[in-house]
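Numbering (my numbering), first residue to last: 567 to 990.
Even glycine gets a Cβ: it sits at the ideal position worked out from N, Cα and C.
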Amino acid sequence: MMSDFPDIQTTPATPQAGFLINRNFALLFLGRLLSQLGDAVYLFSLSWYILVTTGSTAKTGIVMMTSLIATVIIGPIAGVWIDRINRKTVLISMDAIRMLIVGTMGVLLYFDILPFWLLCTGTGLVGICTSVFNPACSSILPNLVSKDNLTKANSLDSIAVNASQVVGALIGAVLYAWLGIVAIFILNAASYMISALLQSGIRYSPTAHKVPGEFMNELKAGFSYLKTKRALYLVFIYLIGLNFLLAPILEVYLPYIVQHLLHGTVAQLSYIRVSFAFGIVIGGAIMSKLPQVELLNRRFIFSLLLFSISLFGMLIPVLPKLLDSWSLHQAIWFYISLTVVTGLFFGFASIISNVIFQKDVEDEYRGRITSLLMTFGSSAMPFGYLIGGVSAASIPMYVLIATTAGFLLLITLMMLISKPIKEL
Numbered sequence: 567m568m569s570d571f572p573d574i575q576t577t578p579a580t581p582q583a584g585f586l587i588n589r590n591f592a593l594l595f596l597g598r599l600l601s602q603l604g605d606a607v608y609l610f611s612l613s614w615y616i617l618v619t620t621g622s623t624a625k626t627g628i629v630m631m632t633s634l635i636a637t638v639i640i641g642p643i644a645g646v647w648i649d650r651i652n653r654k655t656v657l658i659s660m661d662a663i664r665m666l667i668v669g670t671m672g673v674l675l676y677f678d679i680l681p682f683w684l685l686c687t688g689t690g691l692v693g694i695c696t697s698v699f700n701p702a703c704s705s706i707l708p709n710l711v712s713k714d715n716l717t718k719a720n721s722l723d724s725i726a727v728n729a730s731q732v733v734g735a736l737i738g739a740v741l742y743a744w745l746g747i748v749a750i751f752i753l754n755a756a757s758y759m760i761s762a763l764l765q766s767g768i769r770y771s772p773t774a775h776k777v778p779g780e781f782m783n784e785l786k787a788g789f790s791y792l793k794t795k796r797a798l799y800l801v802f803i804y805l806i807g808l809n810f811l812l813a814p815i816l817e818v819y820l821p822y823i824v825q826h827l828l829h830g831t832v833a834q835l836s837y838i839r840v841s842f843a844f845g846i847v848i849g850g851a852i853m854s855k856l857p858q859v860e861l862l863n864r865r866f867i868f869s870l871l872l873f874s875i876s877l878f879g880m881l882i883p884v885l886p887k888l889l890d891s892w893s894l895h896q897a898i899w900f901y902i903s904l905t906v907v908t909g910l911f912f913g914f915a916s917i918i919s920n921v922i923f924q925k926d927v928e929d930e931y932r933g934r935i936t937s938l939l940m941t942f943g944s945s946a947m948p949f950g951y952l953i954g955g956v957s958a959a960s961i962p963m964y965v966l967i968a969t970t971a972g973f974l975l976l977i978t979l980m981m982l983i984s985k986p987i988k989e990l
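Written out as structure tokens, the structure is:
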């Protein structure tokens with residue numbers, strides 16, 4: 567049904583579609599890959615720089631939180647804007663603004679006239695631009711590739727995002743030691759500039775939507791539209807809950823297990839964290855070989871079932887009767903292997919959910935729905951950190967992990983028998 571995607575500027579998909587599908591997607595993918603890599607290097611180096619120069623973990627946390635707060639506040643508003651104007655213009659504008667902000671901060675830092683409050687402000691502004699750029703990037707995909715190639719496009723996008731996180735920390739450590747923090751600011755600004763230049767080459771004609779109404783009415787219309795799509799609404803709620811439950815596992819439970827129960831090091835924890843992202847990259851590579859979009863509901867539920875089941879594995883080394891029988895080396899390698907598997911299944915589910923929303927949400931609502939999903943998902947994570955942290959202080963870790971995995975498995979089984987989900 568090509569009428570669902572009237573502004574695709576490509577030839578119809580074929581089984582022989584190239585690795586990067588078509589010229590438009592290749593430009594978007596390469597630009598996003600470069601800017602994501604620049605961001606990963608920049609954020610890693612920035613957090614380390616603040617910690618080293620100030621000695622304050624509080625200041626490090628404040629700078630990192632400004633970006634998240636911006637996403638939560640601006641997200642819904644960004645969706646309305648994305649649906650109002652040319653999405654290509656949004657992408658180029660956000661990259662250009664981020665280039666100017668980061669480049670200016672780099673120059674000020676070089677002259678040692680960048681106060682902490684201005685660094686926080688700049689980081690927040692970059693976060694605002696990112697909270698607009700990311701949903702715009704996701705929303706424009708169905709306008710650049712045919713429906714048959716959405717799975718492949720989202721898989722490659724997932725690879726770009728997660729591979730950048732894995733490689734970015736490694737490159738960031740080398741560049742920070744070799745060139746210093748000022749050079750990293752300038753290099754990240756350059757990555758935004760090149761990304762904008764690549765995206766300017768995209769041939770894209772937006773669909774002519776109705777004349778926009780009142781801003782708040784458009785925002786409410788996005789919520790109302792989502793509620794009329796029962797299956798999408800259920801997936802929307804599930805993904806928010808997944809972010810809430812997964813956040814403490816990665817950021818609270820695993821660090822607690824490695825440090826307090828296994829008596830490991832921060833380096834060993836980093837290996838486990840990187841292995842999760844590596845699993846997502848592998849999942850993206852596998853999904854990129856499956857461009858067809860039939861039976862999305864079955865693939866989605868099956869991936870979530872495997873993901874939920876794999877989470878139960880995290881409690882094995884910390885069971886009371888097994889904890890003392892594992893050496894540190896054995897336990898770390900077990901968690902590295904397990905998080906690759908959990909990342910793999912999580913990557914499957916994440917990619918398929920993106921395709922579901924891109925395929926089933928009408929073009930004029932896609933920006934708003936994508937922004938709402940990213941905003942509520944991001945908003946759920948701090949609550950997950952809080953509740954998980956409080957719970958870990960009084961509840962045995964194996965009980966927390968078993969409860970989390972069991973709850974996810976129960977909800978997934980309920981979705982399996984849901985009639986709306988079956989009709990996706």
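CB of residue i within 9 Å of CB of residue j, strictly
i	j	result
Gly943	Ala702	no
Ile852	Phe914	yes
Thr905	Gly972	no
Ile867	Thr978	yes
Asn754	Val668	yes
Arg598	Ser761	yes
Ile967	Phe842	no
Met981	Leu870	yes
Leu691	Ile725	no
Tyr676	Val748	yes
Tyr819	Gly954	yes
Gly738	Ser611	yes
Ala719	Phe591	yes
Residues near residue i by beta carbon distance below 7 Å, same chain, minus five either side
i	result
Ala774	Residue placement at Ala774 is flagged as unreliable, the pLDDT there being 47, under the threshold of 50; a coordinate-derived value is accordingly withheld.
Leu894	Leu828, His829, Gly830
Leu593	Leu764, Gln765, Gly767, Ile768
Leu596	Leu764
Phe802	Leu792, Leu939
Ser945	Val638
Ala644	Ser697, Val698, Pro701, Ser937
Ser874	Ala971, Leu974, Leu975, Thr978
Closest residue to residue i among the options (Cα-Cα distance)
i	options	result
Gln834	Gln896, Ile967, Ile679, Ile587	Gln896
Asp929	Leu976, Ser705, Leu716, Phe802	Ser705
Met947	Val668, Leu889, Gly807, Phe699	Gly807
Thr620	Phe677, Phe682, Phe610	Phe682
Glu817	Tyr799, Ser836, Val692	Ser836
Asn783	Arg650, Ala968, Ile983	Arg650
Cys529	Met759, Leu609, Ile658, Tyr676	Because residue 529 is not part of the residues shown, which for the chain are 567 to 990, the question remains open.
Ile1017	Met759, Leu871, Ala644, Lys786	No information on residue 1017 is available, as it lies outside the stretch 567 to 990 that the chain covers here.
Ile694	Tyr615, Tyr822, Thr632, Ala797	Thr632
Ser937	Trp614, Ile648, Tyr615, Leu600	Ile648
Ile752	Val673, Tyr799, Ala797	Val673
Ser957	Pro814, Leu684, Leu798, Tyr804	Pro814
Asn809	Val646, Gly950, Ile635, Arg589	Gly950
Ile750	Met880, Leu820, Ile635, Tyr615	Tyr615
Ile823	Leu736, Met880, Arg589	Met880
One or two residues paired with residue i in a DSSP bridge
i	result
Ile635	Answer by DSSP bridge pairing: none, since Ile635 is not bridged.
Sequence-distant residues of the same chain with beta carbon closer than 6 Å to residue i, five excluded per side
i	result
Thr970	Leu811
Phe699	Met660
Val777	Because the pLDDT of Val777 is 44, which lies under 50, any placement of that residue in the model is unreliable, and the number read from its coordinates should be weighed accordingly. There are no such residues.
Gly688	Ile667, Met671
Ile983	none
Leu885	Tyr964
Met665	Ala755, Tyr758, Met759
Val840	Val732
Arg865	Ile918
Ser721	Gly850, Met853, Ser854, Ile917
Any non-hydrogen atom of the ligand NAP closer than 8 Å to residue i Cβ
i	result
Ser771	For the structure depicted, the ligand NAP is absent and the ligand set is empty, with no information on it obtainable.
Cutoff 8 Å; reference residue i; Cβ partners in own chain excluding five residues on either side
i	result
Pro888	A small fix is needed here, since residue 888 is Leu in this sequence, not Pro. Cβ within range, chain order: Ile882.
Arg653	Ala702, Ser705, Ile706, Asn709, Tyr770, Pro772, Gly933
Leu976	none
Ile635	Gly690, Gly693
Any 3 or more C-beta pairs closer than 8 Å across the region 742-752 and the region 949-969: no
Cβ contact check for the region 617-629 and the region 722-732: 3 or more pairs under 8 Å: no
The region 786-798 in contact with the region 899-908 per 3-pair CB rule at 8 Å: When Cβ pairs closer than 8 Å are counted between the two stretches, the region 786-798 is seen not to touch the region 899-908, the count staying below three.
Sufficient close CB pairs (3 or more, under 8 Å) joining the region 711-730 to the region 596-607: Short answer: they touch.
Contact between the region 707-715 and the region 919-926 (3+ Cβ pairs under 8 Å): Flag = yes, the region 707-715 and the region 919-926 touch.
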